[in-house]
Amino acid sequence: MDIASLIGLILAIGLIIASIALGNAPFTAFIDIPSFLVVVGGAVAAALICFPLSSMLKAPLIALKVLLNKSEDRLSLIKQIVELAETARRDGLLALESKVPDIENPLVKAGIQMAVDGSTPVVVEEVLRTVVEAIASRHREGKSIMDQLGRFAPAYGMIGTLMGLIMMLQDMSDPSGIGAGMAIALITTLYGAIVANVFFSPFAEKLGLISRNEMISLEIAIRGVMAIQSGESPRAIDQKLRTFLPPKQREAE
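Residue 242, in the working numbering, is where the sequence shown stops; the numbers in between run on with no holes.
See below:
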């Protein structure tokens, strides 16, 4: 569970609800189902034009990743790579075959298996980097979906407001109803701003951060595998990979 994302989401929603509760207008004045449908439905419909259906169906899972994301434990990854290097240095590269089932990181597992099977370093690195590029591509698409939803929601909020104003101006026979009609027309703009700036845009930025962190871990995995295959000493591998860590973690045992 990503505590920061959860706290931020609860805080953003809570502040909006608190502001409404402390105001003079009733809470029901801020509820309008047609406006909500225009904003959310319109944004999703526009995104469907931009992305394949298969990608859009995964959007809820992509958004859920923001809240359920676990921080990358790079130190544990480095320690496991160093342990594999020690085994390879002591017993030879083929001795790692028995260790493959116990390797947690999928990229390290695939790389070590290929190295044990006799693949050349060039082939191993090419395959691993192709896997990483495929992962990065999926991450970019997921972030792009959230980015576009964040762009479309305010636009459809404005569309809904203009529709409401047009319908209000069509009937000016009762001047006393102009204020209420204007308020309803503006709700869609409010919905668009809330949906974009509480959900879609922040989610997109967090997905970008998650992707960057995962790419660093994948780079550690690739460099570790290549170093093991080239026969570098465990101490040199440890020092090399720890450069990816923040200064305070580099001295951790």
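Don't be surprised by glycine CBs; every beta carbon is placed ideally from N, CA and C.
- [ ] State yes or no: is the C-beta of residue 243 within less than 9 Å of the C-beta of residue 89?
- [x] Any answer about residue 243 is impossible in this case: the structure gives the chain only from -10 up to 242.
Task: Residues near residue 199 by beta carbon distance below 6 Å, same chain, minus five either side - done: 58
Open item on the list: Pop quiz: residue 142 and residue 181 are said to be a contact at Cβ under 8 Å. What is the actual Cβ separation, rounded to whole angstroms?
Closed with: 5 Å
Open item on the list: Alpha carbons only, please: which of 40, 61, 13, 146 is nearest the one belonging to residue 177?
Closed with: Closest by alpha carbon: 146.
Open item on the list: If I measure Cβ to Cβ from residue 52 and keep anything under 6 Å in the same chain, skipping five residues before and after, which residues do I get?
Closed with: 192
Open item on the list: I need the boundaries of the alpha helix (DSSP H) containing residue 92, first residue and last residue.
Closed with: Counting along the chain, residue 92 falls outside any alpha helix (DSSP H), and DSSP gives it neither H nor E.
Open item on the list: Here's the rule I'm using: 16 or more other beta-carbon atoms within 10 Å means buried, otherwise exposed. How should residue 218 be labelled?
Closed with: buried
Task: Range covered by the alpha helix (DSSP H) that runs through residue 215 - done: 190 to 219
Task: Expected contact under 8 Å - CB spacing of residue 251 and residue 118 to nearest Å - done: Nothing can be reported for residue 251, as the shown portion of the chain is limited to -10 through 242.
TODO: With distances taken Cα to Cα, identify the nearest neighbour of residue 16 among 96, 27, 7.
DONE: 7
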